[in-house]
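Reviewing the structure listed below.
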Amino acid sequence: MATATERIPVLVTPQEKARIAMMAREANLSMGEYLRRAAASFSPSEDERLLLGMIDQMTATTASASKAIDKALAFVAESEARIEAQEREARSS
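If you read the sequence shown in the working numbering, its first letter stands for residue 2, the second for the next number, and so on.
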């Protein structure tokens, strides 16, 4: 492994620092090594792909639900019109 010579200052809260220190200790690693490994294993492209897939699915589901609601509302409106016509006819006879 190459010798580390560069610094990346990162500001964290005291609580975050304590939590990172505890997790590093539990992994028997220094905080620096723990953070290096965490950064190396982070894969935003995979997370983004999953999120985009979820967004696509939600968009399709929402469109489908919207069409079903519109269809149901149209049916209700037609039913109300039929009932109203029948009531008018009954009153006039």
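Glycine included, every Cβ here is placed at the ideal spot set by N, Cα and C.
Would you check whether the ligand NAD has a heavy atom nearer than 6 Å to the C-beta of residue i?
i: Ile70; result: This structure lacks the ligand NAD, and indeed carries no ligand of any kind.
Indicate whether residue i and residue j have their beta-carbon atoms separated by less than 7 Å.
i: Met32; j: Ala41; result: no
Out of curiosity, what's the CA-to-CA distance linking residue i and residue j?
i: Gln16; j: Leu36; result: 16 Å
i: Ala86; j: Thr60; result: 39 Å
By the three-class DSSP mapping on this structure, what secondary structure does residue i have?
i: Ile56; result: helix
i: Thr4; result: coil
i: Thr14; result: coil
i: Ser31; result: coil
i: Ser80; result: helix
i: Ile9; result: coil
i: Ser44; result: coil
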